[in-house]
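Student: To start, I am sharing the structure in question, which I have written as structure tokens.
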Amino acid sequence: MAIQYVQEVQAAYAQQPFVYQQFLDLVSVARGRGRGVNAIVATVDSIADLFGRYGHPDLIRGFDKFLPTGMRLHLAEPAGDGERVVVLIVASQAADEIFEIVVPQPGAPLPSTNQAVLLPVH
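Count along the sequence shown from 1, add 3, and you get the number used in this note's numbering.
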């Protein structure tokens, strides 16, 4: 399943191989970060940002194949302003944590900082 997803990303960016390479780099970095919640949120944020900027925000849905048990992704439909949000749900025995990650529109300017501030939504 994960191999099919990676092939899907590769096909979507066949005309933009640098985007596919950035995706592979992000996945590689994610493996080194570990499987903690903050590391996973940072990875999902980076990949959603990449896919959103380069025209395929729906591809983030398939990234759930890389998530540990108890985590899942949901890509909300576009709001009235066209903005989309990825919802990362982290299930735990105490209570679920929900993180919202804004997916940029294609061609959106790059953020001025490399670090996103992601706060849990309760």
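Just so it is clear, CB atoms sit at the ideal spot from N, CA and C, and this is done for glycine as well.
All of these numbers come straight from a predicted model, not from anything done at the bench.
Using C-beta distances below 8 Å, list every residue in its chain close to Q118, excluding the 5 sequence neighbours before and after it, in chain order.
Tutor: Within the sequence shown, the letter at position 115 stands for residue 118. Its pLDDT being 44, under 50, Q118 is placed unreliably by the model, and the measurement read from it follows with that caveat. Contacts found: none.
Student: In the DSSP assignment, the alpha helix (DSSP H) including R75 goes from what residue to what residue?
Tutor: In the sequence shown, residue 75 corresponds to position 72, counting from 1. Run containing R75: none in the alpha helix (DSSP H); it sits in the beta strand (DSSP E), 74-78.
Student: Can you list, in chain order, the residues of its chain with a C-beta nearer than 8 Å to that of Q25? Leave out the 5 residues immediately preceding and following it.
Tutor: As a working note, residue 25 is residue 22 in the sequence shown. Closer than 8 Å at the Cβ level, and outside the excluded window around Q25, lie L53.
Student: Could you give the distance in angstroms between the alpha-carbon of Q19 and the alpha-carbon of V12?
Tutor: Start at 1 with the first residue of the sequence shown, and residue 19 comes out as number 16. Start at 1 with the first residue of the sequence shown, and residue 12 comes out as number 9. Approximately 11 Å between the Cα atoms of the pair.
Student: Considering only their Cβ atoms, is the gap separating V44 from L76 smaller than 8 Å?
Tutor: Here residue 76 refers to the residue found at position 73 of the sequence shown. Here residue 44 refers to the residue found at position 41 of the sequence shown. Going by C-beta atoms, L76 is not nearer than 8 Å to V44.
Student: Near R64, which residues of its chain fall below 7 Å by C-beta distance, leaving aside the five closest residues on each side in sequence?
Tutor: One-based indexing of the sequence shown puts residue 64 at position 61. Excluding residues within five positions, the ones whose Cβ falls inside 7 Å are L76, L78.
Student: How close, in whole Å, do the beta carbons of V89 and I101 come, if the pair is a contact with beta carbons under 8 Å?
Tutor: Against the sequence shown, residue 89 aligns to sequence position 86. Against the sequence shown, residue 101 aligns to sequence position 98. Between I101 and V89 the Cβ distance is about 11 Å, and since that is not below 8 Å, they are no contact.
Student: Considering only the beta carbon of each residue, do K1 and Y8 sit closer than 8 Å?
Tutor: Here the chain comprises residues numbered 4 to 125, so residue 1 is not present and cannot be evaluated.
Student: According to DSSP, which residues form a beta bridge with R87?
Tutor: Residue mapping note: residue 87 aligns to position 84 of the sequence shown, counting from 1. R87 pairs with V106.
Student: Between which two residues does the alpha helix (DSSP H) holding Q24 run?
Tutor: Within the sequence shown, numbered from 1, the residue matching residue 24 stands at position 21. Its alpha helix (DSSP H) spans residues 20-36.
Student: Please return the same chain residues whose Cβ sits closer than 7 Å to the Cβ of V22, not counting the five positions on each side in sequence.
Tutor: The sequence position of residue 22 within the sequence shown is 19, counting from 1. Taken in chain order, the residues that qualify are Y16, L53, Y57.
Student: Assuming M55 is part of the alpha helix (DSSP H), what are its boundary residues?
Tutor: For the purposes of this step, residue 55 is identified with residue 52 of the sequence shown, where counting begins at 1. Here the sequence assigns Gly to residue 55, which means Met is not the residue at that position. Here the alpha helix (DSSP H) through G55 covers 40-56.
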